[in-house]
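Protein chains: 2
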Amino acid sequence: MSSQAPTPSGTLSYEQAGVNYDLIDPLKISAQRAAAATAVHMATHGFSEVTASRGESAYVLDVGPFYLASIVECLGTKTLVADEMAQLTRKSYYDGIAQDTIAMAINDLITVGATPLVVQAYWAAGGSQWFEDRQRAQALVEGWKKACDTCQVAWGGGETPALAGIVESGRIDLAANCTGLINPKSRLSVGDRLGPGDAIVLLESSGIHANGLSLARKLVERLPQGYLTEVEPGLSYGEALLAPTMLYSPVTEGLWKAGITPHYCANITGHGWRKLLRHPGRFTYRIHTVPPVTPVLAFIQRHAQQDDREAYSTLNMGAGFAIFVPAQDAQKVVEVAQSCGIRAWVAGQVEEGDKQLLIEPLNIRFGDDDLQLR
Amino acid sequence: MSSQAPTPSGTLSYEQAGVNYDLIDPLKISAQRAAAATAVHMATHGFSEVTASRGESAYVLDVGPFYLASIVECLGTKTLVADEMAQLTRKSYYDGIAQDTIAMAINDLITVGATPLVVQAYWAAGGSQWFEDRQRAQALVEGWKKACDTCQVAWGGGETPALAGIVESGRIDLAANCTGLINPKSRLSVGDRLGPGDAIVLLESSGIHANGLSLARKLVERLPQGYLTEVEPGLSYGEALLAPTMLYSPVTEGLWKAGITPHYCANITGHGWRKLLRHPGRFTYRIHTVPPVTPVLAFIQRHAQQDDREAYSTLNMGAGFAIFVPAQDAQKVVEVAQSCGIRAWVAGQVEEGDKQLLIEPLNIRFGDDDLQLR
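Chains as they are written, first to last, in numbering that gives the first Met the number 0: chain A, 0 to 373; chain B, 0 to 373.
Now the structure itself:
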């Protein structure tokens with residue numbers, strides 16, 4: 000997908016783990032062009048799209064009194080870890096899996112300044128049999144409900160199709176869609192306010208979240224006890240991977256109540272810290288403080304024999320969400336996050352200069368070529 | 000799922016075709032209860048849910064100046080027919096498949112009186128390889144765009160995950176989510192206005208649409224030439240099945256412009272004509288006029304050896320959408336539909352009496368026990 004530094008032999012990269020973005024990207028580009036061309040229809044309804052939201056994490060419409068934001072997000076392959084671990088431990092991990100799925104949608108939706116309001120569940124099973132395991136199904140329901148409670152969203156409904164022949168037998172394809180409002184409209188955050196002098200606040204992750212799982216699963220082959228290999232005493236690799244993704248909407252809502260409107264937000268997901276380069280503008284992002292690396296991520300980096308550059312280009316490495324605010328608000332963001340039970344660090348600042356991310360404590364530089372999302 | 004009349008030996012029912020609702024239903028009920036309990040969160044945001052929309056086809060929130068409606072819908076297994084036919088004919092059917100997927104969401108969303116505004120695409124492939132077939136991928140993009148154009152919605156974005164290990168290799172799991180507004184609020188249609196004397200207008204279907212495909216695919220085993228068996232001269236069974244689902248939002252939008260607000264709407268999908276019993280009230284629905292049966296549906300009924308009762312309880316049998324309006328508006332509804340290129344019939348009326356659907360020309364009665372959706 001993007002140019003990467005050569006990596007030592009024995010290193011396990013994301014592409015080696017089986018995801019080939021080169022094949023997907025032409026379709027994505029074609030789809031993005033076609034999608035952009037549909038914006039004209041909004042005039043028919045007396046509305047307009049917020050064009051700057053194309054390329055951002057959620058799509059935004061101007062519907063008059065407020066903005067409307069919506070998104071669909073797939074969990075990915077984290078359920079495969081849950082299924083393997085359930086075989087090994089006889090526990091169900093689908094309460095956490097439910098939170099992961101909702102987090103994928105919620106944490107993206109809030110980047111544009113939206114308050115999430117409604118979540119819809121998409122649970123496509125490989126056959127009716129999936130639902131025979133009542134413990135697992137109930138865990139999915141309860142975890143979904145609990146995540147909705149945390150984010151104060153209404154669970155509007157959803158789909159539970161049985162798709163034998165499409166979804167593999169015994170598996171389930173999970174996704175969430177989320178709709179929210181940007182209200183008042185001054186909360187809109189699609190990048191126009193970001194500028195030099197802004198501080199970068201990083202919020203802690205709980206672990207791998209739901210990105211990098213192909214790599215994490217591939218790695219199991221290298222571990223003597225597989226998923227039961229201990230990451231730290233008493234914590235297996237499998238359990239550590241299954242720590243549910245942090246839900247960050249309590250923080251963004253808390254910021255609003257505290258009178259802080261972020262200049263920009265980035266959900267640190269599929270491209271690791273390269274997501275800090277997401278904003279379309281040309282700025283230098285200088286990081287002076289790197290949050291502690293979550294043990295499971297340090298474990299993955301070590302066993303995959305990745306250098307720091309490779310690890311930070313793929314995994315969240317302990318930082319799940321970035322909030323860009325005026326420097327004078329940065330400490331307050333940390334406090335609001337902490338009041339939500341989420342650790343946060345004033346990690347760096349935005350500067351004039353080439354488009355690049357400088358992680359100074361690790362001597363890493365990512366340039367414009369390292370992230371091509373649009 | 001529901002009590003059904005005994006069927007003659009040799010009959011192929013929906014349950015025999017491999018979908019067991021008994022296994023799914025306890026989960027659905029548990030999920031519905033948990034979902035309903037999340038409505039309390041809306042007060043935090045100064046909003047409220049339209050509780051009557053639970054159990055309807057789309058979820059509705061009251062956000063002040065208008066209502067917000069949202070939904071996610073899965074296509075189901077129609078892609079398996081497209082994939083088989085592509086092997087046989089070297090054509091791609093994914094433009095029609097795209098329309099089917101969008102129709103599943105749009106045709107449900109409009110039942111509550113919403114104007115669809117944004118569609119998100121959920122295209123989960125069994126691996127990056129799915130996207131290697133550029134013709135197929137491009138057809139999917141173009142069909143999606145065209146359906147958005149027909150419905151005048153913005154294609155907001157979506158997800159194109161590669162889910163090896165969850166989605167079967169070479170397959171794709173397709174879903175759409177749709178968000179819309181009920182604006183002005185007087186367009187809300189969640190059933191409170193339906194009453195005796197209302198007319199039932201049925202809109203034509205194009206064929207099987209996207210429900211009943213498990214049965215239709217199972218049937219292929221009985222056909223001498225499989226999907227290439229002719230339904231009528233020059234039209235193969237496979238091609239006939241793949242006729243894209245009608246998009247009905249031009250009709251509901253046309254009605255609004257013509258000054259007609261339906262008292263209720265029903266999208267005729269998974270339970271065939273039993274969906275006409277969807278409204279929670281106790282009314283008798285008397286049908287005096289049955290639309291012509293689409294050839295492919297007549298073919299399925301004949302080869303599956305289903306009697307009329309079984310066929311109308313599973314398939315749309317030529318009627319894809321029902322609109323309930325005051326009797327004096329009925330003929331106008333037919334005209335608006337026809338101006339959109341969709342045939343329609345004033346097919347019956349709502350009466351006081353037991354909850355039942357009487358299809359008089361066919362001597363069929365469905366009672367309250369025949370549809371348990373809530």
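Cβ coordinates follow ideal geometry from the N, Cα and C atoms, glycine included.
Please report whether the beta-carbon of residue i lies at a distance below 9 angstroms from any beta-carbon of chain A.
i	result
K374 of chain B	Since the first residue shown for chain B is 0 and the last is 373, residue 374 of chain B is missing from the structure and cannot be characterised.
L116 of chain B	yes
L67 of chain B	yes
R133 of chain B	yes
L87 of chain B	no
Y121 of chain B	yes
Y284 of chain B	no
K267 of chain B	Note that residue 267 of chain B is Ile in the sequence shown, not Lys. Taking Cβ atoms only, chain A never reaches closer than 9 angstroms to I267 of chain B, which makes this a no.
A102 of chain B	no
R186 of chain B	no
Q3 of chain B	The predicted position of Q3 of chain B is uncertain, since its pLDDT is 33 and thus under 50; a value taken from the coordinates is nonetheless stated next. It does not; no Cβ of chain A falls within 9 angstroms.
L241 of chain B	no
Of the residues the options, which one's Cα is nearest the Cα of residue i?
i	options	result
T76 of chain B	A:A124, A:A343 and A:I70	A:A124
S61 of chain A	A:V80, A:T78, A:E72 and A:M41	According to the sequence shown, residue 61 of chain A is Asp rather than Ser. It is A:M41.
L276 of chain B	B:L67, B:V349, B:M316 and B:G233	B:V349
T149 of chain B	B:F298, B:T244, B:V324 and B:A303	B:T244
R221 of chain A	A:F320, A:A85, A:R285 and A:F298	A:F298
D82 of chain B	B:C147, B:R32 and B:I171	B:I171
L173 of chain B	B:Q119, B:Q86, B:S52 and B:I363	B:Q119
I96 of chain A	A:G142, A:V39 and A:S205	A:G142
V166 of chain A	A:F46, A:M84, A:N106 and A:Y121	A:Y121
R285 of chain B	B:S91, B:A175, B:G194 and B:C339	B:G194
Quick one: which chain B residues come within Cβ less than 8 angstroms of residue i?
i	result
K144 of chain A	A33, A34, A36 and T37
Q255 of chain A	The question names Gln, but residue 255 of chain A in the sequence shown is Trp. What W255 of chain A touches in chain B: nothing, since even the nearest Cβ is about 11 angstroms away.
T76 of chain A	L162, A163, G164 and I165
V152 of chain A	T37 and H40
E72 of chain A	E158
Is residue i close to chain B? Criterion is C-beta to C-beta, closer than 9 angstroms.
i	result
A163 of chain A	yes
M41 of chain A	yes
E220 of chain A	no
L370 of chain A	no
I358 of chain A	no
R277 of chain A	no
F298 of chain A	no
A174 of chain A	yes
Give the DSSP-derived three-state secondary structure of residue i in the structure shown.
i	result
P232 of chain A	coil
A336 of chain A	helix
Y93 of chain B	helix
E83 of chain B	helix
S127 of chain B	helix
P223 of chain A	coil
Q327 of chain B	helix
R170 of chain A	coil
S47 of chain A	strand
A175 of chain A	strand
D383 of chain A	Chain A is shown from 0 up to 373; residue 383 of chain A falls before or after that span and cannot be answered.
E238 of chain A	helix
Would you check if the distance between the CB atom of residue i and the CB atom of residue j is smaller than 9 angstroms?
i	j	result
I259 of chain A	V140 of chain A	no
Y311 of chain A	G366 of chain A	no
T313 of chain A	Q305 of chain A	yes
A329 of chain A	I267 of chain A	no
L246 of chain A	V332 of chain A	no
A113 of chain A	G157 of chain B	no
P115 of chain B	S248 of chain B	yes
L162 of chain B	C73 of chain A	yes
I101 of chain A	C264 of chain A	no
T159 of chain A	K27 of chain B	yes
V295 of chain A	V219 of chain A	no
Give the interface partners of residue i over in chain C, defined as CB-CB distance under 8 angstroms, in chain order.
i	result
E167 of chain B	Of the protein chains in this structure, namely A and B, none is chain C.
Taking residue i as the query, report the chain A residues whose CB atoms sit under 8 angstroms from its CB, ordered along the chain.
i	result
A64 of chain B	Before going on, a small fix: residue 64 of chain B reads as Pro here, not Ala. In chain order: G63 and P64.
V140 of chain B	L26, S29, A30 and A33
Y58 of chain B	V117, Q119, A153, G155 and G156
D148 of chain B	T37 and H40
At 9 angstroms on the CB atoms, spell out the chain B contacts of residue i, in chain order.
i	result
V189 of chain A	Those do not exist, as V189 of chain A stays about 13 angstroms from chain B at its closest Cβ, beyond 9 angstroms.
Which chain A residues are close to residue i, counting only those with a beta carbon under 9 angstroms from its beta carbon?
i	result
L180 of chain B	H44, F46, V62 and L67
Tell me whether residue i counts as near the ligand PLP, meaning its Cβ is closer than 8 angstroms to at least one heavy atom of that ligand.
i	result
P183 of chain B	The ligand PLP is not part of this structure, which contains no ligands at all.
Show which residues of chain B have a CB atom less than 7 angstroms away from the CB atom of residue i.
i	result
Q137 of chain A	S29
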